[in-house]
Ligand code: HEM
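Numbering (this note's numbering), first residue to last: 151 to 326.
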């Protein structure tokens, strides 16, 4: 989204930005893949979490993982044009989309299909996010910074453990 002239004014070459996108984006992408994979595994295999998950909860995680794979696959196409020229097309396209420029799609008409797939799914995520848990990204959780530290712990037992001295609270009996 950053206008090209900003990079030029800062002396950041297109090639440097392209290589940066591949290396930094690649590392971040692999890390997100590992984290996202763990979250998907948890949501899919933990019986309690699976039971309380809606279709959208599971689907949005799967879509994000797919988007990550597509993003990582674009790296192989990017390696073929490390001068950064191809990347300037995406910048023009993104700025065109966000400023409602008619015909912005023309900027990326000749890019590799893997990029188009990634952009298509990316825009699809924008479309569905209000109907999924992703909408929480719009909340500003400032209250969490100031709330007192507490942890709610519930016992699974409905009644205190019986002891010889009579019923006592579970944590007291554990320390005996
Ligand atoms: C509308 C939303 C999105 C757009 C327009 C978009 C666009 C792009 C573009 C143009 C590239 C290629 C960069 C280059 O090498 O020149 C790219 C790469 C990548 N994208 Fe996305 N993307 C979007 C959403 C996402 C999301 C949600 C994820 C993660 C779930 C993601 C993960 C990646 C990764 C890992 C790469 C490869 C590393 C890199 O080149 O930086 N993208 N994306």
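All residues carry an ideal CB built from backbone N, CA and C; glycine is no exception.
Start-to-end residues for the alpha helix (DSSP H) that takes in residue i
i	result
residue 283	That residue, residue 283, is in no alpha helix (DSSP H); it is neither H nor E in DSSP.
residue 152	Segment: none, residue 152 is in no alpha helix (DSSP H) and carries neither H nor E.
residue 278	263-278
residue 293	293-296
residue 299	Neither: residue 299 is in no alpha helix (DSSP H) and is coded neither H nor E.
Local Cβ density within 10 Å of residue i, reported as buried at 16 or more and exposed below that
i	result
residue 324	Because the pLDDT of residue 324 is 46, which lies under 50, any placement of that residue in the model is unreliable, and the question is left without a value.
residue 234	buried
residue 326	Reliability of the predicted coordinates at residue 326 is poor, the pLDDT of 43 falling under 50, and the value obtained from them is presented with this limitation in mind. Looking at its Cβ environment, which holds fewer than 16 other Cβ atoms inside 10 Å, residue 326 is exposed.
residue 221	buried
residue 202	exposed
residue 195	exposed
residue 179	buried
residue 191	exposed
residue 219	exposed
residue 164	buried
Residue j beta carbon less than 8 Å from that of residue i
i	j	result
residue 227	residue 264	yes
residue 186	residue 160	no
residue 182	residue 237	no
residue 211	residue 193	yes
residue 223	residue 169	no
residue 213	residue 271	yes
residue 283	residue 207	yes
residue 154	residue 241	yes
residue 245	residue 151	yes
* **Any alpha helix (DSSP H) of 4 or more consecutive residues that is wholly inside the stretch 153-229** => 154-160, 164-195, 197-201, 205-228
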